[in-house]
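Q: In this text, residue positions in the sequence shown follow numbering that gives the first Met the number 0: the first is 0, and each later residue adds one.
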Amino acid sequence: MPEALVLINTDVGAEEEVLNQIKNMECVREAYIVYGVYDLYARIEANTIEELKNVISTKIRKLPKVRSTITMVVVSTNTKSSNTNYNK
């Protein structure tokens with residue numbers, strides 16, 4: 000399953016509102032308010048790369064209070080909860 004990590008900048012003070020909007024989206028597996036350069040972090044999983052692209056570009060980026068995003072497509076993981084490895 001394609002997976003992406005998305006860093007999101009929101010309008011000032013809109014972090015909670017945007018978090019509530021994205022955490023209920025079908026492909027969003029995790030979403031957090033974070034401190035630093037970005038305001039939110041979201042982990043997205045989809046059935047295809049096209050679906051992943053669609054969620055990010057037509058749903059998350061189109062939210063009115065989202066200013067910008069940085070998307071990192073996962074190519075390999077080494078966590079206790081995932082066996083994803085796209086380098087096989």
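Built from N, CA and C at the ideal position, the CB exists for glycine as well.
State the CB to CB distance for the pair Leu62 and Gln20, rounded to an integer number of angstroms; the pair is presumed to be in contact (CB under 8 Å).
A: Indeed they touch by this definition, with Cβ atoms about 6 Å apart.
Q: Which residues does DSSP pair with Thr97 in a beta bridge?
A: Outside the displayed range of the chain (0 to 87) lies residue 97, so it cannot be described from this structure.
Q: According to DSSP, Ile32 sits in a beta bridge with which residue or residues?
A: For Ile32, which the question treats as bridged, DSSP gives the partners Leu39.
Q: Can you say whether Val36 is buried or exposed, counting buried as having 16 or more other CB atoms within 10 angstroms of its CB?
A: With fewer than 16 other Cβ atoms within 10 Å, it is exposed.
Q: Just to confirm my understanding: we take Leu6, look at its own chain, exclude 5 residues before and 5 after, and list those with CB closer than 7 Å. What are they?
A: Answer for Leu6: Tyr37, Tyr40, Thr68, Ile69, listed in chain order.
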